[in-house]
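If you read the first sequence in the working numbering, its first letter stands for residue 10, the second for the next number, and so on. A short worksheet on the structure shown next.
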Amino acid sequence: MGRKTFYITTPIYYPSNKLHIGHAYTTVAADAMARYKRLRGFDVMYLTGTDEHGQKIERRAREEGMTPRAFVDDIVGWIQELWRKLDISYDDFIRTTEPRHKNAVQRIFQRLMDQGDIYQADYEGLYCTPCESFWTARQAEGGRCPDCGRPVELVREKSYFFRMGKYVPKLLQYYEENPEFIQPESRKHEMINNFLKPGLEDLCVSRTTFDWGIPVPGDPDHVIYVWIDALSNYITALGYLSDDPVQREKFEHYWPADVHVVGKEIVRFHTIYWPIVLMALGLPLPKKVFGHGWLLTPQGKMSKSKGNVIDPNLLLDRYGSDAIRYFLLREIPFGADGVFTPEALIQRLNFDLANDLGNLLNRTLPLIERYAGGRIPTPTRIQEPDGELRGMAAETVTRVEEAMEKMEFSTALAAIWQLLGRANKYIDETAPWAEVKAGRGDRAETVLYHLAEVLRITSILLQPFLTKAPAEIWRRLGLSPGPHTSWDSAGMFGTLPPGLPVYKGDPLFPRLDLEAEVLAIDEATGAVSRQGAEPVSETGEASPHSGGAAGAPENDAGAGCAAGTELIGIEEFQKIDMRVGRIVEAERIPKADKLLKLMIDLGSEVRQVVSGIAKYYAPEDLIGQRVVVVVNLKPVKLRGVESRGMILAASEGDRLVLTTVSDDIPLGTKVK
RNA sequence: GGCGGAGUAGCUCAGUGGUCAGAGCAUGCGGUUCAUACCCGCAGUGUCGGGGGUUCGAAUCCCUCCUCCGCCA
């Protein structure tokens, strides 16, 4: 009763395909924030869900020979399983196909019509069916959709429009009075300069080009488009306009949202369209919209059409949820783009989780077993550097709290790891084993107590980020969840009761073999990317659907997660231009043990190509080899060396052989 | 083309007027052994994108140019 509320949301994801690591990133970040607020005593509502209508899903379902409903049920099940594996602590999961949502959306639409914010008009425009988007003649230059390049068609029909323009002054005022509304702030300038200042056009909020949606009240030929349908989930999930008073009470209780966490590609929808809809409904606006960055791969964005989307399940099954959550929250400053590479992942896990945290635990517990009878000792002989360690522990709690308020997850984790580093150094400085030899067992016990305390405090602070390790650390320290594991107790050094029996156990985070793990991840995600060919994956492009995290997966009808097994048409294959070439030069690239720089004679030109085959071929053995070269790959730089193409090779396990041509044929000949 | 952001050690980045510009990783050397070949210490390296200006003093403010990125057109 009377607890402060905290309402946090992710975008609702578009289940036309399975999700990728970018969506996981958004959801993990929101989860860390939700967990943090719960630990601080807030009454938290954490909402996520799925945006299930639209043409794309209708079409995907048809392709699969399923009803749209069955199709989305499958994928939503998959998504919920993914969130379970990632330990996402959502309080509610809204699906836009649920009656609670559909009913409320129709009421919202009706109300906006009744008060004249939505009106009906004839509309004539160029329409791209796959993208569900209208374009102006100038945008659709040459009759092609600027997004996907496919032909647009002239459509003339009655549609429903939302009068956006009249709310612009109020919205600008809201921005001004709430400088924290849009985070990071640079996005705010983009919104103001690109959209609000030039004036907003009325927004088309219905479609007739598909049926899989919520019908416009009283006009079933039209379905309500995503702007009203999907965005409203943030209030329909709380029971807005519900018939059930218990549900409606939730809305009064939690609205307005404290923060909508979104990917940067959908900031616009959440900071312009959505607030305007809310203003029209006479509702308070969300306090904050945080547009975080994208998870990129070394050469660019993720995309299914590029064949190398990273399936979070693969990483989860191999390393566990704590590891993946840690990597996502630590590696990338929230708000900035970040790069996913297998090396970065494994190194984070090794350096931070295994070496610093895991090893600290694994040094402390055996020492307690050996020199303190296996029980948390009593600190009786305090001397420096104990005070410094205590001071730093206290300071760390404050720093974590400050960082979390700003949603700076990586900063919070960095602070925790500074404390862990200090503790590792503390063991060396105090050398408890030497104290025991010198007959000062009481000093050794005091040191060990301090170490155990740092571990207790650290484990408490880690709870928003890691969901399994903290409880395991408590178990090994002999602690049960309770007063000694509360957030507030982290600020009180000396809370750990002496006498608890400790348990050493196996290493918490096993050290991983970098080479082996990188190889395994590469194989599972398609190793082409590592040879500098093409972006491994991308987080996607802005989509009309509030599709999320790293972006909307609904472009690209590709297979996605199980890369490489889908069937493609001949026209797709013909996009790849492959030629016969001969390697005329080959040399190693300094500081890159996998890469070779090759010069390849293609008849008409000599190309520089960087290839990740240094482990399999010595440069001198390659000279003169005839190879098949993909020549129309986008150039990329690898270790600063430009690569303009890719050579083909067959690989299995730790073997790799070049693809060559069986007889003499002129250089530059096309391979088909 | 318009608006915005960024360019700092090999890599990722912190640092918005004032001690010799910092951290982590990587590199080299040394130490230690309680521990997951781990941990601890020491050591470097930088024309702080180029040029010009303001100032006693600038990575930090202003102008200009270059490069990259984002949003828009």
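Beta carbons: idealized from backbone N, C-alpha and C, even for Gly.
Task: Spatial neighbours of W87 in its chain, beta-carbon cut-off 7 Å, leaving aside the 5 residues before and after - done: Walking along the first sequence from the start, residue 87 turns up at place 78. In chain order, K27 place their CB closer than 7 Å to the CB of W87, counting only its own chain and leaving out the 5 sequence neighbours on each side.
TODO: With R159 as the anchor, note down where its beta strand (DSSP E) starts and where it stops.
DONE: Sequence index remark: in the first sequence, residue 159 carries index 150 (1-based). It is not in any beta strand (DSSP E) - R159 carries neither H nor E in the DSSP assignment.
- [ ] Quick one: residues in its chain with C-beta nearer than 7 Å to the C-beta of P510, no 5 flanking neighbours on either side, listed in chain order?
- [x] Counting from one through the first sequence, the residue named residue 510 turns up at place 501. So the qualifying residues of the chain are G383, R384 and G487.
TODO: Please say whether L135 and V177 have beta carbons closer to each other than 8 Å?
DONE: As a first step, residue 177 must be located in the first sequence, where it is residue number 168. As a first step, residue 135 must be located in the first sequence, where it is residue number 126. At least 8 Å separates the beta-carbon of V177 from that of L135.
Task: CB contact flag (A453, E444, <8 Å) - done: As a working note, residue 453 is residue 444 in the first sequence. As a working note, residue 444 is residue 435 in the first sequence. In this structure, E444 lies closer than 8 Å to A453 by Cβ.
Open item on the list: Just to confirm the assignment: which complete alpha helix (DSSP H) runs, minimum length 4, are found wholly within the region 329-362?
Closed with: If we require 4 residues or more, the alpha helix (DSSP H) runs fully inside the region 329-362 come out as 330-340 and 351-357.
- [ ] Out of E614, L605, I609 and S489, state which residue places its alpha-carbon closest to the alpha-carbon of A623.
- [x] Against the first sequence, residue 623 aligns to sequence position 614. By alpha-carbon distance to A623, the top candidate from E614, L605, I609 and S489 is L605.
Task: Inter-residue spacing [alpha-carbon to alpha-carbon] between H32 and E162 - done: The residue labelled residue 32 in the question sits at position 23 within the first sequence. The residue labelled residue 162 in the question sits at position 153 within the first sequence. Answer to the nearest angstrom: the Cα atoms are 33 Å apart.
Open item on the list: Just list the residues that DSSP pairs Q129 with in beta bridges.
Closed with: Indexing the first sequence from 1 puts residue 129 at position 120. DSSP output for Q129 lists Y169 as bridge partner(s).
TODO: Report buried or exposed for D672, applying the criterion of at least 16 other Cβ atoms within 10 angstroms of its Cβ.
DONE: Residue mapping note: residue 672 aligns to position 663 of the first sequence, counting from 1. Within 10 angstroms of the beta-carbon of D672 lie fewer than 16 other beta-carbons, which makes it exposed.
Open item on the list: Measuring straight from C-alpha to C-alpha, what distance separates A363 and D100?
Closed with: Stepping through the first sequence from its first residue, residue 363 is reached at position 354. Stepping through the first sequence from its first residue, residue 100 is reached at position 91. Straight-line Cα distance between these residues: approximately 32 Å.
Task: Within the region 79-142, ranges of the alpha helix (DSSP H) (whole runs, at least 4 residues) - done: Runs of the alpha helix (DSSP H) spanning 4 or more residues and lying entirely within the region 79-142 occur at 108-123, in chain order.
- [ ] Report, in whole angstroms, the separation of the C-beta atoms of H62 and I223, which I expect to be a contact under 8 Å.
- [x] Reading the first sequence from its first residue, position 53 is the one you call residue 62. Reading the first sequence from its first residue, position 214 is the one you call residue 223. About 7 Å; that satisfies the 8 Å criterion.
Task: Complete runs of the beta strand (DSSP E) confined to the region 188-245 [at least 3 residues] - done: Counting only runs of 3 or more residues that sit fully inside the region 188-245, the beta strand (DSSP E) segments are 223-225 and 228-233, in chain order.
Task: Contained beta strand (DSSP E) runs [length at least 3] in the region 48-80, N- to C-terminal order - done: Taking only runs of at least 3 residues, the beta strand (DSSP E) segments lying wholly in the region 48-80 are 52-59.
TODO: Label P519 either buried or exposed according to how many other C-beta atoms from any shown protein chain fall within 10 Å of its C-beta, with 16 as the threshold for buried.
DONE: If you number the first sequence from 1, residue 519 lands on position 510. That one is exposed.
Task: Helix, strand or coil at V511 [DSSP, three-state] - done: If you number the first sequence from 1, residue 511 lands on position 502. In the structure shown, V511 falls within a coil segment according to DSSP collapsed to helix, strand and coil.
TODO: Would you be able to state if there are at least three C-beta pairs under 8 Å between the region 115-128 and the region 232-246?
DONE: Cβ pair count under 8 Å is three or more, so yes.
Open item on the list: To the nearest angstrom, how far is the alpha carbon of L457 from that of T476?
Closed with: Here residue 457 is taken as the residue at index 448 of the first sequence, counted from 1. Here residue 476 is taken as the residue at index 467 of the first sequence, counted from 1. Each residue's alpha carbon lies about 26 Å from the other.
TODO: Grab the span of the alpha helix (DSSP H) containing V456 for me, first residue to last.
DONE: Along the first sequence, read from residue 1 onward, the residue named residue 456 stands at position 447. V456 -> alpha helix (DSSP H) spans G450 to L470.
Task: Nearest to A353 (by Cα), restricted to the options L366, P20 and Y335 - done: Residue mapping note: residue 353 aligns to position 344 of the first sequence, counting from 1. Among L366, P20 and Y335, the Cα nearest to that of A353 is on Y335.
Task: Anticipated Cβ contact below 8 Å, V214 with I233, distance rounded - done: Position 205 of the first sequence, counted from the start, is the residue given in the question as residue 214. Position 224 of the first sequence, counted from the start, is the residue given in the question as residue 233. The C-beta distance from V214 to I233 rounds to 7 Å, short enough to fall under 8 Å.
Open item on the list: Checking 8 Å against the spacing of the C-beta atoms, do D474 and D267 come in under that value?
Closed with: Residue numbering aside, residue 474 sits at position 465 when the first sequence is read from its first letter. Residue numbering aside, residue 267 sits at position 258 when the first sequence is read from its first letter. It is Phe, not Asp, that sits at residue 474 in the sequence shown. Result no, Cβ atoms of F474 and D267 do not sit closer than 8 Å.
Task: Through-space distance from I201 to Y55, alpha-carbon basis - done: Sequence index remark: in the first sequence, residue 55 carries index 46 (1-based). Sequence index remark: in the first sequence, residue 201 carries index 192 (1-based). Whole-angstrom Cα-Cα distance: 29 Å.
Task: Other residues of its chain near I482: CB distance less than 7 Å, five sequence neighbours each side excluded - done: As a working note, residue 482 is residue 473 in the first sequence. These residues qualify, in order along the chain: L370, L464 and S468.
Task: A424, DSSP secondary structure in three states - done: If you number the first sequence from 1, residue 424 lands on position 415. Correct three-state label for A424: helix.
TODO: Consult DSSP for F518 and reduce its assignment to one of helix, strand or coil.
DONE: The residue labelled residue 518 in the question sits at position 509 within the first sequence. Annotated three-state conformation of F518 is coil, per DSSP.
Task: Backbone secondary structure at S419 - three-state DSSP - done: Reading the first sequence from its first residue, position 410 is the one you call residue 419. Correct three-state label for S419: helix.
Open item on the list: Taking its Cβ as the centre, do 16 or more other Cβ atoms sit within 10 Å of Y626, making it buried, or is it exposed?
Closed with: Indexing the first sequence from 1 puts residue 626 at position 617. Looking at its Cβ environment, which holds 16 or more other Cβ atoms inside 10 Å, Y626 is buried.
Open item on the list: With H, G and I counted as helix, E and B as strand and the rest as coil, what does DSSP make of Q392?
Closed with: Reading the first sequence from its first residue, position 383 is the one you call residue 392. Coil, per DSSP.
Open item on the list: Here's a check: name, in chain order, each residue in its chain whose Cβ is nearer than 7 Å to the Cβ of R390, leaving out the five neighbours to either side.
Closed with: Within the first sequence, residue 390 is the residue found at index 381, counting from 1. D451, R452 and T455.
Task: Option in E199, W264, Y380 and T350 with minimal Cα separation from G300 - done: Sequence index remark: in the first sequence, residue 300 carries index 291 (1-based). Checked all of E199, W264, Y380 and T350; the closest Cα to G300 is E199.
- [ ] Go through the region 10-48 residue by residue and report every complete run of the alpha helix (DSSP H) that reaches 4 residues or more, in order.
- [x] Listed in chain order, they are 30-48.
- [ ] Within its chain, find whatever has a CB closer than 8 Å to the CB of E661; leave out the 5 residues flanking it on each side and keep chain order.
- [x] What you label residue 661 is simply residue 652 of the first sequence in a count that begins at 1. Per-residue confidence for E661 stands at a pLDDT of 47, beneath the threshold of 50, marking its modelled position as unreliable; the derived number appears in the next sentence. Excluding sequence neighbours, E661 sits near nothing in its chain.
Task: Where the alpha helix (DSSP H) through L474 begins and ends - done: Working through the first sequence from its first residue, we reach residue 474 at position 465. Note on residue identity: the sequence assigns Phe, not Leu, to residue 474. Unbroken run through F474: none, as it is neither H nor E.
TODO: Can you say whether G715 is buried or exposed, counting buried as having 16 or more other CB atoms within 10 angstroms of its CB?
DONE: Any property of residue 715 remains undetermined from this structure, which presents the chain solely from 10 to 681.
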